[in-house]
Amino acid sequence: MTEIPKIDRKSIPKTLQRRQSINGTFLIAPYLGHQAVFFGYALLWLVFLTFHRWNYLSPPQWYGLNNFVQLFNDQTFWLVVGNTFNFIAYYIPMVLILSILFAMGLSKLRYLTTFVALSFLVANVASGVSYSIVFTKLFSENGPINRFLWQSFGFTIPWFSEPQLAIFSIALMVTWKFIGYYGLIFLAGIQGIPKSLYEAAELDGANRRQKFFKITLPLLNPSMIMVIVMAITLSFGIFTEPYMITGGGPMRRTYTFMMFIYDNAFRRFTTTGPGYAATISILAAALSFSCIFAIRKIMERDVEMI
Amino acid sequence: MKIRKKTVMLIILEVVMGGLAVFWLYPYIWLTLSSVKPVDEIYTRFFPSRFTFEHFQFIFVASDRMDRDFVRALWNSIFVSTTVTFSVILTSGFVGYAIAKIHFWGSKFLKGFTIFQMLFPGFMFTIPSFVVVRNLGLIDSLAALIVPGLFGAWGVFMFSQSFKSIPTEYIEAARVEGASEMWVVVRLMFPLARSTASIVGLFTFIGVWDNFLWPLMVIQDYDKMPLSVLLASFNHQYGSYVGPVLAGSVIQTIPMVLIFLFFRKYFLKGISMSLK
Numbered sequence: 002m003t004e005i006p007k008i009d010r011k012s013i014p015k016t017l018q019r020r021q022s023i024n025g026t027f028l029i030a031p032y033l034g035h036q037a038v039f040f041g042y043a044l045l046w047l048v049f050l051t052f053h054r055w056n057y058l059s060p061p062q063w064y065g066l067n068n069f070v071q072l073f074n075d076q077t078f079w080l081v082v083g084n085t086f087n088f089i090a091y092y093i094p095m096v097l098i099l100s101i102l103f104a105m106g107l108s109k110l111r112y113l114t115t116f117v118a119l120s121f122l123v124a125n126v127a128s129g130v131s132y133s134i135v136f137t138k139l140f141s142e143n144g145p146i147n148r149f150l151w152q153s154f155g156f157t158i159p160w161f162s163e164p165q166l167a168i169f170s171i172a173l174m175v176t177w178k179f180i181g182y183y184g185l186i187f188l189a190g191i192q193g194i195p196k197s198l199y200e201a202a203e204l205d206g207a208n209r210r211q212k213f214f215k216i217t218l219p220l221l222n223p224s225m226i227m228v229i230v231m232a233i234t235l236s237f238g239i240f241t242e243p244y245m246i247t248g249g250g251p252m253r254r255t256y257t258f259m260m261f262i263y264d265n266a267f268r269r270f271t272t273t274g275p276g277y278a279a280t281i282s283i284l285a286a287a288l289s290f291s292c293i294f295a296i297r298k299i300m301e302r303d304v305e306m307i
Numbered sequence: 283m284k285i286r287k288k289t290v291m292l293i294i295l296e297v298v299m300g301g302l303a304v305f306w307l308y309p310y311i312w313l314t315l316s317s318v319k320p321v322d323e324i325y326t327r328f329f330p331s332r333f334t335f336e337h338f339q340f341i342f343v344a345s346d347r348m349d350r351d352f353v354r355a356l357w358n359s360i361f362v363s364t365t366v367t368f369s370v371i372l373t374s375g376f377v378g379y380a381i382a383k384i385h386f387w388g389s390k391f392l393k394g395f396t397i398f399q400m401l402f403p404g405f406m407f408t409i410p411s412f413v414v415v416r417n418l419g420l421i422d423s424l425a426a427l428i429v430p431g432l433f434g435a436w437g438v439f440m441f442s443q444s445f446k447s448i449p450t451e452y453i454e455a456a457r458v459e460g461a462s463e464m465w466v467v468v469r470l471m472f473p474l475a476r477s478t479a480s481i482v483g484l485f486t487f488i489g490v491w492d493n494f495l496w497p498l499m500v501i502q503d504y505d506k507m508p509l510s511v512l513l514a515s516f517n518h519q520y521g522s523y524v525g526p527v528l529a530g531s532v533i534q535t536i537p538m539v540l541i542f543l544f545f546r547k548y549f550l551k552g553i554s555m556s557l558k
């Protein structure tokens, strides 16, 4: 490459700098315009909607804080809150443990690394609608999994028709989809741990379990926080899987925030409408932020690797 | 003796992980095989006794008589995803360049704003975005799927990060030689950030293709539906046509698998970049 002479910023003439500044503004103007509409204007609508009642047709009516009052007295809202935590209780431990195990296994592989990593990752690009269809068929009453269970053990599992099991099955599918992705995050964490730490521990006579719990796990803390934050956000925003597979049932135990928002905004708009839906989405966001905040407060440690 | 035991353990690990990897692929394998099986074998046999393309034929030829035009939906999906992807790469490149390399009034604020925006969970904006798109009169048009996605904060962020590491001297030298900003971005910056462009493009394309809730909200007209929504509505109404439903699922998800395999290098890079 040819030598490029260093240029002092101050040596650039003022007019050139001015022109640059104008050019910069010109470059970002379309972006700002777009953001003004789809972020700023949308944010205004979000605030506006929470204080109004509207059915899309007649002019919106001032509703004060009644959307919030009504929501706190809405049994369905509390059901959805419960459902979400129920889902999190299955999903986060499952996906966390399995993806750490996956990452540890992957870090020790010598020959099949690429194949294994790609096989797990390809699950992550599965399109929501089609993988929901596939799992519905796989787990159905006469699907291949139940057929296999019946032939070898003489029983079948009602994957999607028993309430707790349905939540668990959806958590299982989402786990299938995300282990590869979260696993790679953990793998990067594991590879960042210096080997010398393990060697020192071995000299001190540490066994395998001690090495895992005293070195690996504590040093994976940042990756763990990151995965948990992503998993919480996903749990509050999940829609496609329950909408496609269970439609919120059985006994509305797989009814999620996003379905609740969607139904209120588009299905029952004679009584509630977008104002109520917007209020739900603000509370869901607040709840998800508090969960993330709480997890950070409880779990976050300063990790330093030397 | 100890080393021997360790080798055996490592071999067992390779076998177990390899087996799990195949097990993880099982849903894909089952889906692909089922879409080419005769209908009575879908639930009864793993390997088909004969291959048939009747389900795909049904999807592509007969489905438009049921008001579900899959060919059309496939084109809609390809058109929308491609347009949004190219727009995001292009606009994010320009805006990212402006943020990273041009000093202008408010550039610091813009950078902070971009990160601030990414903190909001997407579901908070679904309803107000719907109202905005409705006010713009875009409901039931492909524009409703494209226009909101023309710019993306995440892409801007990725590009500005990657441009920051390119020495400013290159740009100043080009400017002194009389190059316009346009030339700098198109001929100098983009070629140096090829892998960022691929990452942003890949994740955007897959995200738009996969999106379900948004098109479900803004599109009611069967002719304008992307594949995800059309497939869902077909499954809803004609769920008993198992073969065609699975063939439709293949059409919706296998292109993503192929794109993923083709760009796997960038996918891995994208994940490790998002860690920083």
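Protein sequences, first through last, are from chains R and F. Per our numbering: the first sequence = residues 2 to 307. Per our numbering: the second sequence = residues 283 to 558. Glycine included, every Cβ here is placed at the ideal spot set by N, Cα and C.
Just grab the DSSP bridge partners of residue i for me.
i, result
"Arg457/F", "DSSP, once it has assigned bridges, lists no residue as partnering Arg457/F."
"Arg54/R", "Gln62/R"
DSSP three-state label for residue i, please.
i, result
"Glu451/F", "helix"
"Ser411/F", "helix"
"Leu401/F", "coil"
"Ala353/F", "For clarity, residue 353/F is Val in the given sequence; the question names Ala instead. Looking at Val353/F - three-state DSSP - the assignment turns out to be helix."
"Val318/F", "coil"
"Val81/R", "helix"
"Asp75/R", "coil"
"Thr3/R", "Any reading at Thr3/R must be qualified, since the residue scores a pLDDT of 49, below 50, and its modelled position is unreliable; the value itself is stated next. The answer is coil: DSSP assigns Thr3/R none of H, G, I, E or B."
"Glu142/R", "coil"
"Ile533/F", "helix"
"Ile501/F", "coil"
"Met471/F", "helix"
"Asp422/F", "coil"
"Leu110/R", "coil"
"Trp160/R", "coil"
"Val304/R", "coil"
"Thr568/F", "Only positions 283 to 558 of chain F appear in this structure, which leaves residue 568/F out of reach."
"Thr16/R", "helix"
"Asn24/R", "helix"
"Phe261/R", "helix"
"Met252/R", "coil"
"Thr247/R", "coil"
Quick one: residues in its chain with C-beta nearer than 6 angstroms to the C-beta of residue i, no 5 flanking neighbours on either side, listed in chain order?
i, result
"Leu47/R", "Ala279"
"Ile101/R", "Phe187"
"Ser162/R", "Pro251"
"Phe433/F", "Thr373"
Less than 7 angstroms between C-beta atoms, sequence neighbours within five positions excluded: which residues of the same chain meet that for residue i?
i, result
"Thr289/F", "none"
"Pro430/F", "Ser411 and Val415"
"Pro145/R", "Leu139"
"Gly483/F", "Thr367 and Ile371"
"Phe294/R", "none"
"Met95/R", "Ala172 and Thr176"
"Gly238/R", "Met259"
Return yes when the Cβ of residue j is within less than 9 angstroms of the Cβ of residue i, no when it is not.
i, j, result
"Glu336/F", "Gly521/F", "no"
"Phe240/R", "Phe361/F", "no"
"Phe136/R", "Pro537/F", "no"
"Val438/F", "Ile381/F", "yes"
"Val539/F", "Val123/R", "yes"
"Thr408/F", "Met499/F", "yes"
"Pro61/R", "Leu50/R", "yes"
"Leu509/F", "Leu356/F", "yes"
"Gly276/R", "Trp55/R", "yes"
"Arg350/F", "Ser515/F", "yes"
For residue i, collect the residues of the same chain with a Cβ closer than 8 angstroms to its Cβ; drop the 5 residues on either side in sequence, then sort them by chain order.
i, result
"Thr3/R", "Legend: pLDDT at Thr3/R = 49, less than 50; position of this residue unreliable, no value from coordinates given."
"Thr217/R", "Met105, Ile191 and Ile194"
"Lys178/R", "Ala124, Asn125, Ala127 and Tyr132"
"Pro243/R", "Ile171, Gly249, Thr255, Tyr256, Thr257 and Met260"
"Pro219/R", "Arg302 and Val304"
"Ser108/R", "Leu188, Ile191 and Gln192"
Given the structure, does residue i come close to the ligand HEM, in the sense that its CB is under 8 angstroms from one of the ligand's heavy atoms?
i, result
"Ala355/F", "The ligand HEM is not among the ligands present in this structure, which contains no ligands whatsoever."
(message) Which runs of the beta strand (DSSP E) at least 3 residues long sit entirely within the segment 185-242 of chain R? Give them in chain order.
(response) none
(message) To test your reading of the DSSP string, which unbroken beta strand (DSSP E) runs of 3 or more residues are found completely within the segment 328-398 of chain F?
(response) none
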